[in-house]
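Residue numbers (my numbering), protein chains in the order written: chain A, -18 to 140; chain B, 8 to 144.
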Amino acid sequence: MENLDITETSTIQKLENLLLVAVPRDLTDRDVLKLRRQVLEETRRYHSQWVLLDFSRVDICDSFFGRFIQSTARMAGLMGANVAVAGLQDAVIETMVELGMTLPNIHAVLDLDDALALSREGETDDGLLAMESPGHAITDSLSLDSPFDDSTFIPPTEV
Amino acid sequence: MTGQAQNPKRFSISSVVDVVQARRSGLELALKMGFHPAEANKVAVVISELGRNIELYAGQGSITVTPHTEVKGQYIEIIAEDQGPGILDVARVLKGGYTTSSGMGLGISGSQRLMDEFEIHSVVGQGTRIRAVKRMQ
């Protein structure tokens, strides 16, 4: 595993065809945008096919963070990479859902092992946090109303 | 709503760093009061959303977080105040999906959903005052 320390608090690591991003807590909006650019740069640099955003350290996730996940997935998708999230705390998930966030085309995995398994299998359908998988528990809870409409970010593609 | 206020915490907001500090303090305060982590998280996110709006639209303002105790239980009150441009169409902002800057268009409407009470008083050209209340379940 090659360590690519970007800042004092965030770490991006290359692992096989996966880019592991440990998202720090207490990021400002500026930090969030900076992190997104770093993720995309490293994705391209290592031709990563998967990006895993590890949120286990994040205990406050407001709408800007939701946009970060969403826009990173859209942008990484244009580079040919899939994005998965892991480690979202239950308190954070409850707030995200009630806030009205939608995270289409985002994979949810339990941990790094699951992410590696997913990337090795090359699966793209199971675990999608989108409406095309209505039977998935997390899918149901994270596919709500109020899609984002900010012009700064690429809006989600409704499915 | 009446109740005994305890040690209000006032945060000056003029940068994104101030917003992060205010929401972190709000989370810790709510947890200290005994809020469930999921409820405390909502308090923190609302502080973050309202703080961002102040920073984006007004440039500066304040957020005051006050714990209250009354016979029916405890609650936390968040008051966000600024002397910025004000909100032209409050109803539209509350409906969601409306933004005039790099914001999300979800902050106010989403915050309203997370809180038990949510009031906006805004005068164009004078400023905005938003009061939000989260009750302990």
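Backbone N, C-alpha and C define an ideal beta-carbon position, used for all residues, glycine too.
In this structure, DSSP gives A:Tyr27 a state outside helix and strand, which the three-state scheme calls coil. A:Gly58 has a beta carbon lying at 8 Å or more from every beta carbon in chain B. Restricted to the segment 43 to 102 of chain B, the beta strand (DSSP E) segments that are unbroken, complete and at least 3 residues in length are 68 to 77, 80 to 89, listed in chain order. Residue-level contact by beta carbon fails for A:Arg18 and chain B, as no gap is shorter than 8 Å. Listed in chain order, the non-local C-beta contacts of B:Pro15 below 6 Å within the same chain comprise Thr71, Thr73, local neighbours out to five positions each way being set aside. In the DSSP assignment, the residues bridged to B:Lys16 are B:Val72. Taking every protein chain shown into account, the CB of B:Arg17 has fewer than 16 other CB atoms within 10 angstroms, so this residue is exposed. Setting aside the 5 residues that flank it on each side, A:Ser37 is surrounded in the same chain by Gly68, each with a C-beta closer than 6 Å to its C-beta; the list follows chain order. Neighbours of B:Asn14 in chain A, taken as residues at a C-beta separation under 7 Å, are lacking, since the least C-beta distance is about 22 Å. Distances from the alpha-carbon of A:Leu21 to those of A:Ile41, A:Ala54, A:Cys42, A:Arg11 put A:Ala54 closest. Going by C-alpha positions, B:Lys141 is about 11 Å away from B:Arg120.
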